[in-house]
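Student:
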Amino acid sequence: MKMIEQNSVDIAFSQRAAREITIVMRSEREWYFTFVADDPVTGKPDKYTLLTQRGKLRTWADPKYLFKFLRERGVICGVFNLRQDEKYEKIKYPSNNSS
Numbered sequence: 009m010k011m012i013e014q015n016s017v018d019i020a021f022s023q024r025a026a027r028e029i030t031i032v033m034r035s036e037r038e039w040y041f042t043f044v045a046d047d048p049v050t051g052k053p054d055k056y057t058l059l060t061q062r063g064k065l066r067t068w069a070d071p072k073y074l075f076k077f078l079r080e081r082g083v084i085c086g087v088f089n090l091r092q093d094e095k096y097e098k099i100k101y102p103s104n105n106s107s
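Using this note's numbering, the letters of the sequence shown map in sequence onto residues 9 to 107.
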C-alpha cells in the first residue's frame with residue numbers, strides 16, 4: 009500500500025480513478041481508508057492511503073469525520089475492515105531521497 013499526499017488523493021477522486029474504497033479500523037480510536045487506482049506511471053492497479061504533512065498514515069479518531077471526508081469527495085459506498093491484521097496493512101512510506 010502506498011501513501012500519497014492529499015492533493016493526489018483529491019485528484020484521484022475528482023477524476024473518478026479511485027475505486028474499491030475500504031474503511032479500516034486500526035483500533036477503536038484509529039480509522040483510515042484505502043482505495044485502489046491505476047498507477048499513473050505503470051498503469052497497473054495499486055492500493056493507496058492518505059499521508060499526513062508529517063509523513064505518517066492519516067487516521068481519524070472518530071469515523072464520522074472520516075465518512076464526512078469521503079462524502080465530500082463523492083464517495084457513496086465502500087467496504088469495512090473492522091478486524092485489522094498485519095497482512096492487510098503493508099504500508100510503503102515514500103522515500104525522502106532527493107538525488
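Glycine residues also receive a C-beta, built at the ideal position from the N, C-alpha and C atoms.
No experiment lies behind these values; they were computed from the predicted model shown.
Please look up how many angstroms separate the CB atoms of Ala69 and Arg34, rounded, as I've assumed it's under 8 Å.
Tutor: Wrong, their Cβ atoms sit about 11 Å apart, outside the cutoff.
Student: Tell me the residue span of the beta strand (DSSP E) that contains Asp47.
Tutor: It is not in any beta strand (DSSP E) - Asp47 carries neither H nor E in the DSSP assignment.
Student: I'd like to confirm the pairing. Which residues does DSSP put opposite Asp54 in its beta bridges?
Tutor: In DSSP, Asp54 forms a bridge with Ala45.
Student: Ordered along the chain, which non-local residues of its own chain (more than five positions away) have a Cβ less than 6 Å from that of Leu90?
Tutor: Counting only Cβ-Cβ distances below 6 Å, and skipping sequence neighbours, we find Met33.
Student: Determine contact between the stretch 54-68 and the stretch 10-30, defined as no fewer than three beta-carbon pairs at a distance below 8 Å.
Tutor: A contact exists between the stretch 54-68 and the stretch 10-30.
Student: How long is the line joining the alpha carbons of Ser106 and Ala45, rounded to whole angstroms?
Tutor: For Ser106, the pLDDT reaches just 46, beneath the cut-off of 50, and the residue's location in the model is therefore unreliable, leaving the point undetermined.
Student: Identify which residue in Glu28, Ser22 and Lys64 has its Cα closest to the Cα of Val87.
Tutor: It is Glu28.
Student: Under three-state DSSP, which class holds Lys155?
Tutor: What is shown of the chain runs 9 to 107, which leaves residue 155 out entirely.
Student: Specify the secondary structure class of Val87 as computed by DSSP and reduced to three states.
Tutor: Of the three classes helix, strand and coil, the one that applies to Val87 here is strand, per DSSP.
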